[in-house]
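Student: Have a look at this one before I ask anything.
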Amino acid sequence: ILTAEKSKVPSPPTDLFSGRAVFQQETLSLQISRVSTADSGVYRADFEDTSGFFTALCFRVLVWGE
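Read left to right, the sequence shown gives residues 1311 to 1376 (our numbering).
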């Protein structure tokens, strides 16, 4: 969806999340507005530490509704 680096402003997404996704750097959270069931799925976050080591975390998001 997007890439964010420490001490830099994240670039806005240009895909289907354009205008709907905002990354909160203080809390390391992603806010997606106007969600639909099509937004359900597995989301992945890759974190790189100062030594260049990557940690990947996956999150399953389910959206119920009409």
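Beta carbons: idealized from backbone N, C-alpha and C, even for Gly.
Relative to the alpha-carbon of cysteine 1368, which residue among Ser1339, Ser1328, Pro1320 and Gly1375 has its alpha-carbon at the smallest distance?
Tutor: Taking the sequence shown and counting its residues from 1, one reaches residue 1368 at position 58. Closest option to cysteine 1368, Cα to Cα, is Ser1339.
Student: For aspartate 1356, does the three-state DSSP call read helix, strand or coil?
Tutor: The residue labelled residue 1356 in the question sits at position 46 within the sequence shown. Aspartate 1356 falls in the strand class under three-state DSSP.
Student: Counting C-beta neighbours from all protein chains within 10 Å, is the total for phenylalanine 1333 16 or more, i.e. buried, or is it exposed?
Tutor: Reading the sequence shown from its first residue, position 23 is the one you call residue 1333. Result: buried.
Student: May I ask you to list the residues that DSSP assigns as paired with alanine 1366?
Tutor: Within the sequence shown, residue 1366 is the residue found at index 56, counting from 1. Partner(s): Asp1356.
Student: Between which two residues does the beta strand (DSSP E) holding leucine 1340 run?
Tutor: Within the sequence shown, numbered from 1, the residue matching residue 1340 stands at position 30. Segment 1339-1342, the beta strand (DSSP E) holding leucine 1340.
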